[in-house]
Amino acid sequence: MYPAPLDSPTRPAAHRAALAAVLFGVPSVLLLLLVEFEWGPLISLDEDISRTTHRWAVADPGVTRTSRILTDWVWDPWTMRALCAVVVIWLAVRGARWLALWLAGTCLVASAVQQSLKAAVDRPRPVWPDPVDSAHYAAFPSGHAMTAAVVCGLLLWLMRLHGAGRAPWRAAVALAVLSVAGVGLTRVWLGVHWPTDVLGGWLLGALTVALAVVTYTRGPGSRTDPRIT
Numbered sequence: 077m078y079p080a081p082l083d084s085p086t087r088p089a090a091h092r093a094a095l096a097a098v099l100f101g102v103p104s105v106l107l108l109l110l111v112e113f114e115w116g117p118l119i120s121l122d123e124d125i126s127r128t129t130h131r132w133a134v135a136d137p138g139v140t141r142t143s144r145i146l147t148d149w150v151w152d153p154w155t156m157r158a159l160c161a162v163v164v165i166w167l168a169v170r171g172a173r174w175l176a177l178w179l180a181g182t183c184l185v186a187s188a189v190q191q192s193l194k195a196a197v198d199r200p201r202p203v204w205p206d207p208v209d210s211a212h213y214a215a216f217p218s219g220h221a222m223t224a225a226v227v228c229g230l231l232l233w234l235m236r237l238h239g240a241g242r243a244p245w246r247a248a249v250a251l252a253v254l255s256v257a258g259v260g261l262t263r264v265w266l267g268v269h270w271p272t273d274v275l276g277g278w279l280l281g282a283l284t285v286a287l288a289v290v291t292y293t294r295g296p297g298s299r300t301d302p303r304i305t
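Letter by letter, the sequence shown follows residues 77 to 305 of this note's numbering.
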């Protein structure tokens, strides 16, 4: 026999997720348009910040080396996807198959959206005469920032759904904030992304999580998945 069903998400929770989707969706679209049409003040701000952080990165090789380790191994998109895959397998083993499918599907959709936007916007990355790191493909949005926001956001929501205790919840929130903020800062520090690439990744990641939660609350999984204890 399966354990007791997961508690169905409340109507206010679904409404909050829908409101969050609107709140993140509007600035996401606005930023996308400003980047696509190369709005002068935004481009100038990007360049000013990037020139400053690149100068710091060249002058401080120790911080730069640490940033490369964090961005290439700890907060790399494939590391985040591997973490997500582990949780998907765990959910499936525990019997929460719809929840596992929802989590895997959301991560796949987020990756597809990210790559499609990169191809559509086709924004060049910063170019430096003395680069401290390199990256491939187009710049907007930052894949590192978006993937971290999506995975951390989804895992936090799953902990909330599961009813995590106060201490684990606070620790998870702190780790998620550190990861999402940290990976964005390392990408700008290393000179491989403009600040607005990172901001776009954060906004689009948060939008993806909000839309995914709305989808889950309206799907069959909110009533049929077993409690994951």
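Backbone N, C-alpha and C fix where the C-beta goes; we use that ideal spot for every residue, glycine too. Quick caveat: nothing in here was measured; it's all calculated off a predicted structure.
Starting from residue 181, trace the alpha helix (DSSP H) in both directions and tell me its first and last residue.
Translated into the one-based positions of the sequence shown, residue 181 becomes position 105. Element bounds for residue 181: 173-197.
Do you know whose CA, among 283, 284, 256, lies nearest residue 274's CA?
In the sequence shown, residue 274 corresponds to position 198, counting from 1. Per the C-alpha coordinates, the member of 283, 284, 256 positioned closest to residue 274 is 256.
Which of helix, strand or coil does DSSP assign to residue 212?
Taking the first residue of the sequence shown as position 1, residue 212 is located at position 136. Correct three-state label for residue 212: coil.
Do the region 176-189 and the region 102-116 make contact, defined as three or more Cβ pairs closer than 8 Å?
no
Could you tell me if residue 202 is buried or exposed, where buried requires 16 or more neighbouring beta carbons within 10 angstroms of its beta carbon?
In the sequence shown, counting from the first residue as 1, residue 202 sits at position 126. Of the other Cβ atoms in all chains shown, 16 or more fall within 10 Å of the Cβ of residue 202; this residue is therefore buried.
Residue 231 lies in the alpha helix (DSSP H); which residues open and close that run?
Here residue 231 refers to the residue found at position 155 of the sequence shown. 219-238 is the extent of the alpha helix (DSSP H) around residue 231.
Go through its chain and collect everything with a Cβ distance to residue 248's Cβ below 8 Å, but skip five positions before and after it.
Here residue 248 refers to the residue found at position 172 of the sequence shown. Within the same chain, residue 248 has close Cβ partners 231, 232, 235, 240.
Residues in its own chain within less than 6 Å of residue 140 by CB, not counting five upstream and five downstream?
Locating residue 140 in the sequence shown gives position 64, where the first residue counts as 1. Cβ within range, chain order: 133, 208.
Could you name the residues of the same chain whose beta carbon sits closer than 6 Å to that of residue 90, not counting the 5 residues immediately before and after it, in chain order?
Stepping through the sequence shown from its first residue, residue 90 is reached at position 14. If we look at residue 90 and ignore the five residues flanking it on each side, its Cβ neighbours are 293.
Are residue 147 and residue 212 closer than 8 Å when you measure CB to CB?
Translated into positions along the sequence shown, residue 147 becomes position 71. Translated into positions along the sequence shown, residue 212 becomes position 136. Their beta carbons are not under 8 Å apart, which means residue 147 does not touch residue 212 by this criterion.
What did DSSP end up calling residue 136 once you bin it into helix, strand or coil?
By 1-based counting over the sequence shown, the position of residue 136 is 60. It is coil, neither helix nor strand.
If you drop the 5 nearest sequence neighbours on each side, which residues of the same chain put their C-beta closer than 6 Å to that of residue 218?
Taking the first residue of the sequence shown as 1, we reach residue 218 at position 142. If we look at residue 218 and ignore the five residues flanking it on each side, its Cβ neighbours are 263, 269, 273, 274, 277.
Leaving out five residues on either side along the sequence, give the residues of the same chain with a beta carbon under 7 Å from the beta carbon of residue 176.
Locating residue 176 in the sequence shown gives position 100, counting from the first residue. Taken in chain order, the residues that qualify are 164, 167, 168.
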